[in-house]
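Whatever position you read off the sequence shown (first residue = 1), add 104 for this note's numbering. So the structure is just underneath, and the comments pick up after that.
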Amino acid sequence: MVMRGAVETVLGSFTAAEILAVLEEEPPSERTVILACAVGRRTLTANDKAALLAVWVRIESWTLAQVDKAIVAVAGSTPTPDDWGKDEAALCMRMSTVSATGRVAMARTRQGQLGGIGAALEAGILLTGQAFDLVTAVGSLSDDIAEAVVASVLPGADGTTRAELRKATSKAVIAIDPDGAASRHVAAKRDRRVRLYPAPDNMADVIVTLPASEAETVFRALDARARRDIAQARAAALAADPTAVVPHVSLDNARADALVDWAQTQLADPDLPRAQGRRVELRVTMTLPCLLGLAEHPAYLEGYGPISPDIARELLPEGRLRRLVTDPVTGHLLDVGQTSYPPPQAMVDFVVTRDATCILRGCSRPARHCDLDHRVEFSHGGSTSSENLACLCERHHTMKHKGGWRLVTTRFGDLVFISAAGRRYPVDRESVDPSFVRGAVCSDVQGGSGVPHVPGEVDTGSRLPSPSPLSSDAHYDMDPPF
Ligand SMILES: [Zn+2]
105 MVMRGAVETV LGSFTAAEIL AVLEEEPPSE RTVILACAVG RRTLTANDKA ALLAVWVRIE
165 SWTLAQVDKA IVAVAGSTPT PDDWGKDEAA LCMRMSTVSA TGRVAMARTR QGQLGGIGAA
225 LEAGILLTGQ AFDLVTAVGS LSDDIAEAVV ASVLPGADGT TRAELRKATS KAVIAIDPDG
285 AASRHVAAKR DRRVRLYPAP DNMADVIVTL PASEAETVFR ALDARARRDI AQARAAALAA
345 DPTAVVPHVS LDNARADALV DWAQTQLADP DLPRAQGRRV ELRVTMTLPC LLGLAEHPAY
405 LEGYGPISPD IARELLPEGR LRRLVTDPVT GHLLDVGQTS YPPPQAMVDF VVTRDATCIL
465 RGCSRPARHC DLDHRVEFSH GGSTSSENLA CLCERHHTMK HKGGWRLVTT RFGDLVFISA
525 AGRRYPVDRE SVDPSFVRGA VCSDVQGGSG VPHVPGEVDT GSRLPSPSPL SSDAHYDMDP
585 PF
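Okay, here's the thing in structure tokens:
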């Protein structure tokens, strides 16, 4: 408060417009932040408000440069073989491991090899989105060509819009590397992938990045199949009743249905590899009262998270019900002590369902593809019990055993990771809450939605994921790219 008073006193003799004119001219700094806050508390004209917005946008760029520096300070300026600092940075940023991989790589690039971008951000010359676009646009180029492209576009970047700078960058790439289109395509092709993002209303997005010709192949196949399905459904309905009013199914919906149909066929293959002793199927978990329609608790779709009980109940008739073995009163197996290192299948089912994913916060690796870690090691007297077992993905399991990280239980019974740097990261209790799993029923559904498709137009939009170097841990990325 003393500082705020001093700032107001010093600024008292200047109008907001005078102060803002100075702030728009000079590179952003700590001083700019303080002065912009002070000006913002005044009564401003419409012109002042517009100028203040322009100042704050430059401060946003400056702030991003500071965050980049902080990321590099935690994660290191270059990747190491283990790169555990990246995981610490992910937890500090409250990001998924997958998203943090791209974010850390971006910071390292902007503060390292393409340091001109970091400097332009800090000077408020590049907007935050422009800095992202520029790194992405040169990502498939060799180091020297990338540096030449950046050096060529930065001098004219101040004051440009995001689209203008993208165009200027494309022109510079062609001018500097006119023969490199083929090699750029080869590099970009290495980044082809399928990603999955949760969406509201029990929906999810599957986003596929492919070479253009292969993407066209996929789309045309789905489109042709969708047109045939619509025509056949219509013909069948009219054959049964020539006066029938055939419900409209949009092409968008029919293409999506065709893709699901193909996927269901694949999951029916009995030769697919198993995970945690079970076939690869969708798993829905819900409480018994919920299954019986006596309660409306959220159900859980493995990988996705909570789904509405109505939709879960519609899925269940297609699946094989299995009571999770969770109740100690009934004598079901939850602790085999030191009699066996590998847990019995019932215990595996319980722990995998309880943890849902790797238990390190932000890691979305599905539990069924994780290791079952004995938190207190078996060789040190740890029991093979649901209490002592936790799902850790291969990376974070290794981090615990070789990276200096520890997983401890507090005196209140909470699980906490302690990083090599000594920072504490509590395990998200929601994902390991046994009260939900206790007495629950789970059902493996043979790869389908038993949910009737609702006719109607769907705007597929043109939303694209953030390009980022990915680990094979990716399943759902819980940080949507949009
Ligand atoms: Zn993990």
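Note that beta-carbon positions come from the ideal geometry of N, C-alpha and C, so glycine has one too. Being a predicted model, the structure only gives us computed values, none of them experimental.
C-alpha gap between residue 493 and residue 517, whole angstroms: Here residue 493 corresponds to residue number 389 of the sequence shown, with the count starting at 1. Here residue 517 corresponds to residue number 413 of the sequence shown, with the count starting at 1. Straight across, the Cα-Cα distance linking residue 493 with residue 517 is about 14 Å.
Bounding residues of the alpha helix (DSSP H) (the contiguous stretch that carries residue 503): Residue numbering aside, residue 503 sits at position 399 when the sequence shown is read from its first letter. Run containing residue 503: 498-506, per the alpha helix (DSSP H) assignment.
Residue 201 Cβ short of 8 Å to ligand 1 heavy atom set: Residue numbering aside, residue 201 sits at position 97 when the sequence shown is read from its first letter. Yes, since a heavy atom of ligand 1 falls inside the 8 Å radius drawn around the Cβ of residue 201.
Span of the alpha helix (DSSP H), counted from its first residue to its last, around residue 451: Stepping through the sequence shown from its first residue, residue 451 is reached at position 347. Residue range 449-459 is occupied by the alpha helix (DSSP H) that includes residue 451.
Near ligand 1: residue 592 beta-carbon under 8 Å from a heavy atom: The displayed coordinates of the chain run from 105 to 586. Any statement about residue 592 would go beyond what the structure contains.
Buried/exposed call for residue 445, threshold 16 Cβ in 10 Å: In the sequence shown, residue 445 corresponds to position 341, counting from 1. Classification of residue 445: exposed, given that the 10 Å Cβ count is below 16.
Contact check, residue 198 vs residue 176, beta carbons under 9 Å: On the sequence shown, position 94 is the one that residue 198 refers to. On the sequence shown, position 72 is the one that residue 176 refers to. Result no, Cβ atoms of residue 198 and residue 176 do not sit closer than 9 Å.
C-beta contact flag for residue 368 and residue 376 at 9 Å: Here residue 368 refers to the residue found at position 264 when the sequence shown is read from its first residue. Here residue 376 refers to the residue found at position 272 when the sequence shown is read from its first residue. In this structure, residue 376 does not lie closer than 9 Å to residue 368 by Cβ.
Neighbour-count burial assignment, residue 390, 16 or more Cβ in a 10 Å radius: As a working mapping, residue 390 is identified with position 286 in the sequence shown. Counting Cβ neighbours within 10 Å, residue 390 comes out buried, since at least 16 surround it.
Alpha carbon of residue 125 to alpha carbon of residue 401, nearest angstrom: To locate residue 125, count along the sequence shown from 1; it is residue 21. To locate residue 401, count along the sequence shown from 1; it is residue 297. So the two alpha carbons sit approximately 57 Å from each other.
Buried or exposed by the 16-neighbour rule on C-beta atoms within 10 Å, applied to residue 271: Residue numbering aside, residue 271 sits at position 167 when the sequence shown is read from its first letter. Answer is exposed; the Cβ neighbour count stays below 16.
Three-pair Cβ contact test at 8 Å for the stretch 278-294 versus the stretch 242-253: yes
Which listed residue (153, 163, 118, 119) has its alpha carbon closest to that of residue 131: Translated into the one-based positions of the sequence shown, residue 131 becomes position 27. The shortest Cα separation from residue 131 among 153, 163, 118, 119 belongs to 163.
Distance between residue 469 and residue 450 (C-alpha atoms, nearest Å): Walking along the sequence shown from the start, residue 450 turns up at place 346. Walking along the sequence shown from the start, residue 469 turns up at place 365. Cα to Cα, residue 450 sits roughly 21 Å from residue 469.
CB contact flag (residue 326, residue 310, <9 Å): The residue labelled residue 326 in the question sits at position 222 within the sequence shown. The residue labelled residue 310 in the question sits at position 206 within the sequence shown. Against a cut-off of 9 Å, the Cβ pair of residue 310 and residue 326 comes out as no contact.
DSSP beta-bridge partners of residue 307: Sequence index remark: in the sequence shown, residue 307 carries index 203 (1-based). DSSP output for residue 307 lists 303 as bridge partner(s).
CA-to-CA distance, residue 324 to residue 337, given in whole angstroms: The residue you call residue 337 lines up with position 233 of the sequence shown. The residue you call residue 324 lines up with position 220 of the sequence shown. When rounded, the distance between both Cα atoms is 20 Å.
Residue 196: CB within 8 Å of a non-hydrogen atom of ligand 1: Here residue 196 is taken as the residue at index 92 of the sequence shown, counted from 1. No, the beta carbon of residue 196 sits no closer than 8 Å to any heavy atom of ligand 1.
Lining residues of ligand 1 - beta-carbon closer than 5 Å to any non-hydrogen atom, in sequence order: 462, 464, 467, 469, 497, 500
Span separating the alpha-carbon of residue 115 from that of residue 514: Taking the first residue of the sequence shown as 1, we reach residue 115 at position 11. Taking the first residue of the sequence shown as 1, we reach residue 514 at position 410. Here the C-alpha atom of residue 115 lies approximately 51 Å from the C-alpha atom of residue 514.
Test item: CB-CB of residue 467 and residue 184 under 9 Å: Within the sequence shown, residue 467 is the residue found at index 363, counting from 1. Within the sequence shown, residue 184 is the residue found at index 80, counting from 1. The answer is no: Cβ separation not under 9 Å.
Integer-rounded CB distance, given that residue 314 should sit under 8 Å from residue 296: Against the sequence shown, residue 296 aligns to sequence position 192. Against the sequence shown, residue 314 aligns to sequence position 210. That belief holds up - the Cβ atoms of residue 296 and residue 314 are roughly 5 Å apart, short of 8 Å.
Assigned secondary structure, residue 352 (DSSP; H/G/I helix, E/B strand, else coil): One-based indexing of the sequence shown puts residue 352 at position 248. Coil.
Backbone secondary structure at residue 119 - three-state DSSP: Counting from one through the sequence shown, the residue named residue 119 turns up at place 15. Residue state, collapsed to three classes: coil.
Option nearest residue 460 by Cα separation, candidates 474, 191, 168: Position 356 of the sequence shown, counted from the first residue, corresponds to residue 460. That would be 474, whose Cα lies nearest to the Cα of residue 460.
Top-ranked residue by Cα proximity to residue 291, from 378, 340, 241: The sequence position of residue 291 within the sequence shown is 187, counting from 1. Comparing alpha carbon positions, the residue from 378, 340, 241 closest to residue 291 is 241.
DSSP-derived helix/strand/coil call for residue 479: By one-based count along the sequence shown, residue 479 stands at place 375. Correct three-state label for residue 479: coil.
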